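Input: a single structure, listed below in structure tokens.
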Amino acid sequence: MARTTEQFNLTDGDRQVLEALLRSPKTAQSLALRVRIVLLCGAGETVEAIAATVRTSTKAVYKWRNRFKKSGLDGLSDLPRSGQPKKLTEKQIKDVLTLTVERIPHEATHWSVRLMAKYAGITTWQVRQIWDAADLKPHRLKSFKISNDPQFADKVVDVVGLYMNPPDNAIVLSVDEKTQIQALDRTQPMLQLKPGQIERRTHDYKRNGTTSLYAAFDILTGEVMGRVTKRHRAKEFLDFLRQIERSTPKELDLHIILDNSSTHKTAEVQNWLAGHPRISLHFTPTSASWLNAVESWFSQLERRSIYRGVFNSVTALRKEIHRFIEVHNATNAKPFKWTKSAAAIIESVQRAKVSARITGQN
Numbered sequence: 014m015a016r017t018t019e020q021f022n023l024t025d026g027d028r029q030v031l032e033a034l035l036r037s038p039k040t041a042q043s044l045a046l047r048v049r050i051v052l053l054c055g056a057g058e059t060v061e062a063i064a065a066t067v068r069t070s071t072k073a074v075y076k077w078r079n080r081f082k083k084s085g086l087d088g089l090s091d092l093p094r095s096g097q098p099k100k101l102t103e104k105q106i107k108d109v110l111t112l113t114v115e116r117i118p119h120e121a122t123h124w125s126v127r128l129m130a131k132y133a134g135i136t137t138w139q140v141r142q143i144w145d146a147a148d149l150k151p152h153r154l155k156s157f158k159i160s161n162d163p164q165f166a167d168k169v170v171d172v173v174g175l176y177m178n179p180p181d182n183a184i185v186l187s188v189d190e191k192t193q194i195q196a197l198d199r200t201q202p203m204l205q206l207k208p209g210q211i212e213r214r215t216h217d218y219k220r221n222g223t224t225s226l227y228a229a230f231d232i233l234t235g236e237v238m239g240r241v242t243k244r245h246r247a248k249e250f251l252d253f254l255r256q257i258e259r260s261t262p263k264e265l266d267l268h269i270i271l272d273n274s275s276t277h278k279t280a281e282v283q284n285w286l287a288g289h290p291r292i293s294l295h296f297t298p299t300s301a302s303w304l305n306a307v308e309s310w311f312s313q314l315e316r317r318s319i320y321r322g323v324f325n326s327v328t329a330l331r332k333e334i335h336r337f338i339e340v341h342n343a344t345n346a347k348p349f350k351w352t353k354s355a356a357a358i359i360e361s362v363q364r365a366k367v368s369a370r371i372t373g374q375n
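Residue numbering for the sequence shown is 14 to 375, as defined by my numbering.
What follows is the structure, given as structure tokens:
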């Protein structure tokens with residue numbers, strides 16, 4: 014049985030305003046829907062027919078019809094909301110900051126947004142606002158190591174001096190070895206990149222042996238000299254020094270920056286250096302590999318060549334390393350620029366030591 018239509022009259026003035034709103038391109042879609050409901054009601058349509066026509070519920074039709082009957086055009090607007098979210102007090106902000114930097118939650122080793130919201134009695138959105146404003150990121154962790162080398166300052170001044178003011182008629186080389194480079198092969202063929210799908214590979218792999226790389230990074234040109242070896246002993250290091258000596262102009266002095274590995278200081282190495290006075294070794298402080306420029310090139314080698322490489326043998330890995338060095342020297346080599354002074358580095362490390370000592374006392 015069809016329902017009867019409730020009496021609903023529109024004045025000519027209301028109808029004109031409603032039709033103008035419906036024609037206007039600036040009218041929001043939500044308001045246009047409400048206007049159509051009212052106009053159809055004024056045309057004598059049943060609630061069920063209107064709901065089917067505008068594709069909404071009968072409850073919505075009743076709502077906007079009644080709102081218009083009660084308040085006219087104003088009834089088609091959204092009701093005012095309850096207000097802005099409760100604002101944070103200075104005490105709440107201070108409590109969150111104090112908890113973040115001075116306390117540890119019982120449930121975890123560090124704070125998360127949800128844990129902090131639970132402890133502080135505020136919303137997760139408010140926690141994010143406080144942390145963003147204070148530049149706090151409890152979810153992140155960065156490792157560091159402070160050098161306790163008693164000659165730290167002298168070594169920093171020496172190495173940084175070579176970077177920023179290299180001597181005339183000399184070549185400055187940053188030398189180090191990257192050991193135990195693995196020749197890894199995947200258990201299944203790689204699934205290639207294509208639209209809508211990233212490159213994929215199996216999580217498991219096959220080990221096909223390891224190799225080591227000695228590299229000398231020329232500060233002036235950015236070119237790299239390399240030697241791939243099966244092992245990394247004093248013998249291999251001495252062989253690399255001989256390679257460097259043969260490959261550089263005899264009329265130029267050689268200043269070689271390297272770390273404190275025991276293989277760099279053996280009696281055999283010292284005896285060989287005594288017979289080649291144009292070569293001088295400069296050692297970085299202990300626990301300060303970041304001061305050795307060749308480390309950044311090793312990082313490039315790892316990211317661009319080795320990490321995503323597939324090697325079914327050590328020979329294939331060795332060929333790839335040699336290929337990468339050749340390409341680097343031909344297309345990517347550029348002078349190395351060091352910008353931080355030795356004084357700034359020494360001051361920064363001293364501040365870190367003081368901070369670590371204070372934290373340890375607390």
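All residues carry an ideal CB built from backbone N, CA and C; glycine is no exception.
Treat the numbers as computed from the prediction; the structure is a model and nothing was measured.
Strand pairing of residue i, partner residues [DSSP]
| i | result |
| --- | --- |
| E190 | Y227 |
| A183 | D266 |
| Q205 | Per DSSP, none; premise fails for Q205. |
| K219 | D198 |
Opening and closing residue of the beta strand (DSSP E) in which residue i lies
| i | result |
| --- | --- |
| I257 | Run containing I257: none in the beta strand (DSSP E); it sits in the alpha helix (DSSP H), 247-260. |
| H268 | 266-271 |
| G57 | Where G57 is concerned, there is no enclosing beta strand (DSSP E), given that its DSSP letter is neither H nor E. |
| I143 | Here I143 belongs to no beta strand (DSSP E); instead the alpha helix (DSSP H) covers 137-147. |
| R240 | 237-242 |
| H295 | 292-296 |
Element boundaries [alpha helix (DSSP H), containing residue i]
| i | result |
| --- | --- |
| I319 | First-last for I319: undefined, no H or E at that position. |
| F177 | The sequence given here has Met at residue 177, not Phe. M177 -> alpha helix (DSSP H) spans 165-177. |
| K314 | The sequence as given places Leu at residue 314; Lys does not occur at that position. That run of the alpha helix (DSSP H) goes 307-314. |
| H335 | 327-340 |
| I106 | 103-115 |
CB contact flag (residue i, residue j, <8 Å)
| i | j | result |
| --- | --- | --- |
| W303 | Y176 | no |
| L53 | L31 | no |
| S293 | I232 | no |
| A133 | D167 | no |
| V173 | A355 | yes |
| F230 | V323 | no |
| I334 | L206 | no |
| V48 | I63 | no |
| A228 | T279 | no |
| D422 | T299 | As shown, the chain starts at 14 and ends at 375. That puts residue 422 outside it, with no answer to give. |
| I143 | I117 | no |
| I211 | V362 | no |
| L271 | D148 | no |
| P151 | T111 | no |
| E236 | N342 | yes |
| M238 | S260 | yes |
| V241 | R331 | yes |
| T192 | H245 | yes |
| L421 | I135 | This structure cannot settle anything about residue 421, because the visible part of the chain is limited to 14 through 375. |
| G13 | L23 | Outside the shown range of the chain, which is 14 to 375, sits residue 13, and nothing can be said about it. |
Helix, strand or coil at residue i [DSSP, three-state]
| i | result |
| --- | --- |
| E32 | helix |
| Q210 | strand |
| N284 | helix |
| R68 | coil |
| L197 | strand |
| G134 | coil |
| M14 | Below a pLDDT of 50, predicted positions are generally treated as unreliable, and M14, at 43, falls in that range; no measurement from the model is reported. |
| T344 | helix |
| K82 | helix |
| K76 | helix |
| T276 | helix |
| I391 | The structure shown does not extend to residue 391, since the chain is modelled only from 14 through 375, so no value can be given for it. |
| L154 | coil |
| V362 | helix |
| D27 | helix |
| A356 | helix |
| S368 | helix |
| I232 | coil |
Distance between beta carbons of residue j and residue i, contact taken as under 8 Å
| i | j | result |
| --- | --- | --- |
| E120 | L128 | 6 Å |
| L89 | R80 | 7 Å |
| R220 | L197 | 6 Å |
| H268 | A346 | That belief does not hold up - the Cβ atoms of H268 and A346 are roughly 19 Å apart, past 8 Å. |
heavy atom of the ligand MG below 7 Å from residue i C-beta
| i | result |
| --- | --- |
| D25 | This structure does not include the ligand MG; it has no bound ligands of any sort. |
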